[in-house]
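First to last, the protein sequences are chains G and P. Count the first sequence with the numbering used here and you get residues 17 to 89, in order. Count the second sequence with the numbering used here and you get residues 4 to 283, in order. Even for Gly, the Cβ is constructed at its ideal location relative to N, Cα and C. These figures come from a predicted structure and were not determined experimentally. What follows is a set of notes on a single structure, which appears directly below.
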Amino acid sequence: MKPEEHSRRQQELAGWPVTIETYKLGDVYHCAIANVDPGARFARADGATREEAESRAIEKATRYLAQTRKFEV
Amino acid sequence: MATQTLPGVLVTTDWVAQHATDAAVRVVEVDVDTTSYDQGHVPGAAGWNWTTELCDTLVRDIIPANKLEELLGKTGIDNKTAIVLYGDNNNWFAAWAFWQLKIYGHQDVRIMDGGRKKWLAEGRDLSTDRPSFPATTYKAPAPDLSLRAFLPEVQQAVAGKKAALVDVRSPQEFTGEILAPPGLPETCQRGGHIPGAKSIPWGKNCNEDGTFKSFDELKALYAAQGITGDQPVIAYCRIGERSSLTWFTMKHLLGFKDVRNYDGSWTEWGNLVGAPVEKP
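So, in structure tokens, the structure goes:
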């Protein structure tokens, strides 16, 4: 199978820049979210539509990112 | 692709598309996100889970020899198979697998340049089938621990300055502004870096498409921080996977003789009672 509708974009979530990658394989949309630096995927979700997959992944990512603390240096 | 890299250690996505199902080749995906493989992988590729299959799950350690032999055997790999690794995040954990396979002396290990990111961006075929392979018997030789740094060696490096330390984490982790990459659980008690370490984030090894930078670019990147291969080098990150990629770069793309990966990394040093920490 060929992946379809592949997209990759950067945006900010909970104050952190992230990369959102989505593609469709068969009937399923797969979305994964990675931090921009260092680039680790930390949230993902599937859905029947792009919007469903991305909104689920964004909800998880936002929750995880809110737990990241910043310290003064 | 680098013009002066050691031969054969990197393969292109084109090469993999042509050779993925060759009998003498086994393509294996190893991801940070262990679910990535099931979201579609290179047709014919096996998938290894780094959290359960590429480590000792009881003691914090790399994979034991008998477990490696079992894993390779069930993946249909013998001592002469060319293993081609790739994965997400520009091959972080593919490099982790590469490092362990070299510790156990597997001769022909390669990395697909650009990893999963490039394969996807090129719109190449993906499969969700889990292939099965005819079982083989694999015999691992004694581990080559000259590729690995343990805590005492790192402490000696700090005290005696006989080895250069390369911290490959992000600048925010290096300074101690954050304790772990955004979105990931904090796994240390203190932020900062090992005294004397140079900050060369792993991502600087790679181009935007996930491929490795050229030999000249990589050489200049490390030379700018005084890392030339003339002295032993120890790379570290948080848990040893990002530093595997930097280890791969220095050892196999730049040809530095004495490079070790400190897989204890910041989750060991940053939790160690009394260990000196430098900030920022």
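Between the Cα of residue i and those of the options, spot the shortest distance and give me the residue it belongs to.
| i | options | result |
| --- | --- | --- |
| residue 110(P) | 116(P), 101(P), 117(P) and 95(P) | 101(P) |
| residue 83(G) | 40(P), 183(P) and 255(P) | 183(P) |
| residue 283(P) | 181(P), 221(P), 224(P) and 251(P) | 181(P) |
| residue 245(P) | 47(P), 92(P), 78(P) and 69(P) | 92(P) |
| residue 168(P) | 45(P), 279(P), 238(P) and 46(P) | 238(P) |
| residue 286(P) | 83(P), 28(P), 273(P) and 198(P) | The structure shown does not extend to residue 286(P), since chain P is modelled only from 4 to 283, so the question has no answer here. |
| residue 141(P) | 231(P), 117(P), 228(P) and 69(P) | 69(P) |
| residue 48(G) | 62(G), 18(G) and 89(G) | 62(G) |
| residue 278(P) | 204(P), 54(P) and 194(P) | 194(P) |
| residue 48(P) | 55(P), 89(P) and 261(P) | 89(P) |
| residue 259(P) | 275(P), 28(P), 243(P) and 221(P) | 221(P) |
| residue 264(P) | 77(P), 25(P), 249(P) and 202(P) | 249(P) |
| residue 87(P) | 139(P), 71(P) and 28(P) | 28(P) |
| residue 16(P) | 185(P), 228(P) and 94(P) | 94(P) |
| residue 13(P) | 85(P), 207(P) and 189(P) | 85(P) |
| residue 96(P) | 53(P), 267(P), 45(P) and 121(P) | 53(P) |
| residue 149(P) | 119(P), 185(P), 103(P) and 43(P) | 103(P) |
| residue 41(G) | 86(G), 88(G) and 17(G) | 17(G) |
| residue 11(P) | 255(P), 122(P) and 262(P) | 255(P) |
In whole angstroms, what separates the C-alpha of residue i from that of residue j?
| i | j | result |
| --- | --- | --- |
| residue 29(G) | residue 77(G) | 8 Å |
| residue 41(P) | residue 114(P) | 20 Å |
| residue 75(P) | residue 81(P) | 7 Å |
| residue 4(P) | residue 146(P) | Summary for residue 4(P): the model assigns pLDDT 39, below 50, so the residue's position carries little reliability; its value from the coordinates is reported in the next sentence. Looking at the two C-alpha atoms, the distance is approximately 30 Å. |
| residue 25(G) | residue 217(P) | 26 Å |
| residue 75(G) | residue 35(G) | 14 Å |
| residue 108(P) | residue 144(P) | 6 Å |
| residue 235(P) | residue 58(P) | 26 Å |
| residue 79(G) | residue 173(P) | 22 Å |
| residue 241(P) | residue 269(P) | 4 Å |
| residue 81(G) | residue 187(P) | 8 Å |
| residue 3(P) | residue 31(P) | Residue numbering for chain P in the displayed model covers 4 to 283; residue 3(P) lies beyond these limits and cannot be assessed. |
| residue 19(G) | residue 124(P) | 9 Å |
| residue 280(P) | residue 154(P) | 14 Å |
| residue 212(P) | residue 177(P) | 25 Å |
| residue 22(G) | residue 50(G) | 16 Å |
| residue 253(P) | residue 247(P) | 10 Å |
| residue 56(P) | residue 62(P) | 13 Å |
| residue 134(P) | residue 65(G) | 28 Å |
| residue 205(P) | residue 54(G) | 8 Å |
| residue 66(P) | residue 137(P) | 22 Å |
| residue 7(P) | residue 116(P) | Interpretation of residue 7(P) is limited by its pLDDT of 47, a score under 50 that renders its predicted location unreliable; no figure is taken from the coordinates. |
| residue 79(P) | residue 203(P) | 37 Å |
| residue 257(P) | residue 198(P) | 25 Å |
| residue 271(P) | residue 189(P) | 13 Å |
| residue 219(P) | residue 44(G) | 42 Å |
| residue 208(P) | residue 226(P) | 13 Å |
Using three-state DSSP, classify residue i as helix, strand or coil.
| i | result |
| --- | --- |
| residue 21(G) | strand |
| residue 50(P) | strand |
| residue 252(P) | helix |
| residue 234(P) | coil |
| residue 161(P) | helix |
| residue 26(G) | strand |
| residue 7(P) | With a pLDDT of 47 at residue 7(P), under the threshold of 50, the modelled position of that residue is not reliable, and the figure given next carries that caveat. Residue 7(P): coil per DSSP, three-state reduction. |
| residue 241(P) | coil |
| residue 67(G) | helix |
| residue 19(P) | helix |
| residue 88(G) | coil |
| residue 41(P) | helix |
| residue 36(G) | strand |
| residue 1(P) | Beyond the ends of chain P as shown, which are 4 and 283, falls residue 1(P); an answer cannot be given. |
| residue 72(P) | helix |
| residue 246(P) | helix |
| residue 45(G) | strand |
| residue 26(P) | coil |
| residue 81(G) | helix |
| residue 13(P) | strand |
Quick check: does the Cβ of residue i come within less than 7 Å of any heavy atom belonging to the ligand SAH?
| i | result |
| --- | --- |
| residue 35(G) | The model on display carries no ligand, and the ligand SAH is accordingly not part of it. |
Runs of alpha helix (DSSP H) wholly within the stretch 171-227 of chain P (minimum 4 residues, chain order): As far as the stretch 171-227 of chain P is concerned, its whole alpha helix (DSSP H) runs of at least 4 residues are 174-178 and 218-226.
Under 8 Å (Cβ pairs) to chain A, residues found in the stretch 197-230 of chain P: Among the protein chains of the structure shown, namely G and P, there is no chain A.
Would you call the stretch 11-27 of chain P and the stretch 61-79 of chain G in contact, with 3 or more CB pairs under 8 Å? Because the criterion of three Cβ pairs below 8 Å is not met, the stretch 11-27 of chain P and the stretch 61-79 of chain G do not touch.
Any contact of the stretch 154-166 of chain P with the stretch 126-140 of chain P, i.e. 3+ C-beta pairs under 8 Å? No: fewer than three Cβ pairs fall under 8 Å.
Tell me the start and end of each unbroken alpha helix (DSSP H) in the stretch 76-155 of chain P that is at least 4 residues and wholly inside, in chain order. If we require 4 residues or more, the alpha helix (DSSP H) runs fully inside the stretch 76-155 of chain P come out as 91-106 and 118-124.
Counting Cβ pairs, one atom from each stretch, are 3 or more of them under 8 Å apart for the stretch 28-41 of chain P and the stretch 52-59 of chain G? Contact holds: three or more Cβ-Cβ distances are below 8 Å.
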